[in-house]
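Everything below concerns the one structure shown next.
Numbering (my numbering), first residue to last: 5 to 502.
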């Protein structure tokens, strides 16, 4: 009977998640609370612990991020990222994923990646590269930045769970950061070999023939030669429309080139037709550095607990360092206030920022799902959790699979963290092993249900970045799987180091 009730309760939990995902937005968190209500009132389970610390860490971080955005700090960071990407066009498939990862880790949100998508696409297109390679790889590796960021919502949830196990923030980052960097490089290496070159891609050539997109100027001469070899400008594969498209691209190239009297080179074309840089608002730089300084202090206090304020633990006179949850909350709220005072940002403007809305959604989602998961786990410790824990203990890689699949289904790294990680902790799996497998949250890209994926597909006018009728097979599938295997494998090796 106990097993039957536990299975029914599990169905309630899964049903709440499915309904929440379908509703989207704060719906995931609200359905989580409703699921908790069903477990408490319908099955008599004791309510789980409220995820207060994780909730307020997210609110604190997102307040500082929104203040920075209102002051132009996000524009400043995006400007730096854009310059790095455009300065290395030949190594774009390697540079763009690393930049996407680094800036996501720095800001604590993958929302910053949205602004980089058109930059990556334009750089690839103007240099005659297949945009799918850099776009798909960068989209995926931006997700690795979430588990390598000291101020992401997922890290807030994870830190609250493992810090009491004696595994503080610096030890988490010492595993997730280098593992993610290696995964970025491995993913780029594989992705560089995905798909045909742009000039040989049938789908792109059809778009050129239809006049939907022009042949990049740097490929125009090669394209004309290809058409001539296949039957001339009046026939063959390309036909006259293809030749006209290539000629149009060449004419544009020549008309824009004012830096050379010899007809121009591909490099000069890219320089001449580069998009105009969006000016950074006054104060953007200083607000970004205030935010970055707060992150540096957070990491430093995590590395050296002895420099944190010491508080009494009881009546025996012993003291201990305040938790990193409190450190993050204090410093992030303080950073937000400093930015607002220094740059004279009005509170109402901070509340109007897109980051504030997305952060609030993440906080509500985490609150509802974490509360429901803790209620379910606490009420079914002996019936379900202990057997699952034994299974994970004997086959630890199942933890990585569970994190990957559940994150793909919920599309929420923080919610997945609060659902799966407590099971591993209850099974006494070593925190280092759990941390090594935690980046399996890269499974968030399993289904094309994320804004970054859709934006990348819609931005790529060449048609190389694509979805397919099979939901789990798309341009992001291979880089996602490569990143998953690489980040978990390297993480497991790192955690073995004493």
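In this text, a Cβ means the ideal position worked out from N, Cα and C, and glycines have one as well.
Rounded separation between residue i and residue j - CA only
i           : j           : result
residue 41  : residue 14  : 14 Å
residue 139 : residue 472 : 17 Å
residue 331 : residue 174 : 14 Å
residue 431 : residue 342 : 43 Å
residue 413 : residue 187 : 23 Å
residue 3   : residue 221 : Beyond the ends of the chain as shown, which are 5 and 502, falls residue 3; an answer cannot be given.
residue 89  : residue 100 : 6 Å
residue 441 : residue 161 : 15 Å
residue 470 : residue 203 : 17 Å
residue 19  : residue 377 : 13 Å
residue 314 : residue 479 : 51 Å
residue 493 : residue 408 : 14 Å
residue 31  : residue 115 : 20 Å
residue 137 : residue 119 : 18 Å
residue 417 : residue 231 : 48 Å
residue 333 : residue 301 : 12 Å
residue 498 : residue 211 : 47 Å
residue 154 : residue 468 : 34 Å
residue 17  : residue 327 : 31 Å
residue 310 : residue 37  : 38 Å
residue 487 : residue 443 : 9 Å
residue 423 : residue 216 : 46 Å
residue 4   : residue 485 : It is not possible to answer for residue 4, since the shown part of the chain is limited to 5 through 502.
residue 380 : residue 361 : 29 Å
residue 286 : residue 77  : 9 Å
residue 130 : residue 228 : 17 Å
residue 356 : residue 384 : 42 Å
residue 359 : residue 406 : 29 Å
residue 448 : residue 317 : 40 Å
residue 391 : residue 5   : 16 Å
residue 189 : residue 145 : 10 Å
residue 489 : residue 172 : 25 Å
residue 507 : residue 465 : Given a span of 5 to 502 for the chain in the structure shown, any question on residue 507 remains unanswerable.
Residues sharing a beta bridge with residue i, DSSP
i           : result
residue 316 : 323
Buried versus exposed call for residue i [16 or more other C-beta atoms within 10 Å across all chains shown]
i           : result
residue 288 : buried
residue 59  : buried
residue 197 : exposed
residue 435 : buried
residue 253 : With a pLDDT of 46 at residue 253, under the threshold of 50, the modelled position of that residue is not reliable, and the figure given next carries that caveat. Residue 253 comes out buried.
residue 177 : buried
residue 39  : buried
residue 401 : exposed
residue 27  : exposed
residue 195 : buried
residue 142 : buried
residue 336 : buried
residue 247 : With a pLDDT of only 49 at residue 247, under 50, the local geometry of the prediction cannot be trusted, and the value read off the model is given with reservation. So residue 247 counts as buried.
residue 306 : buried
residue 308 : exposed
residue 179 : buried
residue 477 : exposed
residue 209 : buried
residue 323 : exposed
Cutoff 9 Å: residue i Cβ touching any chain B Cβ
i           : result
residue 199 : The displayed structure is made up of one protein chain only, and chain B is not part of it.
Proximity winner among the options, relative to residue i (alpha-carbon distances)
i           : options            : result
residue 105 : 191, 315, 31       : 191
residue 500 : 463, 226, 438, 484 : 438
residue 393 : 458, 428, 205      : 428
residue 425 : 446, 416, 415, 403 : 403
residue 351 : 45, 9, 5, 67       : 67
residue 3   : 193, 45, 46, 55    : This structure cannot settle anything about residue 3, because the visible part of the chain is limited to 5 through 502.
residue 64  : 419, 466, 385, 339 : 339
residue 29  : 453, 490, 459      : 453
residue 446 : 464, 158, 355, 353 : 158
residue 33  : 364, 405, 451      : 364
residue 134 : 54, 52, 51, 219    : 219
residue 7   : 47, 56, 387        : 387
residue 48  : 475, 397, 382, 213 : 382
residue 62  : 459, 225, 316, 156 : 156
residue 24  : 474, 419, 390      : 419
residue 223 : 234, 132, 170      : 132
residue 12  : 46, 201, 189       : 46
Any chance the region 96-113 sits against the region 132-152, with 3 or more Cβ pairs inside 8 Å? yes
Pairs of beta-carbons, one from the region 163-179 and one from the region 125-135, closer than 8 Å: are there three or more? no
Would you call the region 69-78 and the region 344-351 touching, i.e. three or more CB-CB distances under 8 Å? yes
The region 76-96 touching the region 363-370, judged by at least three CB pairs closer than 8 Å: no
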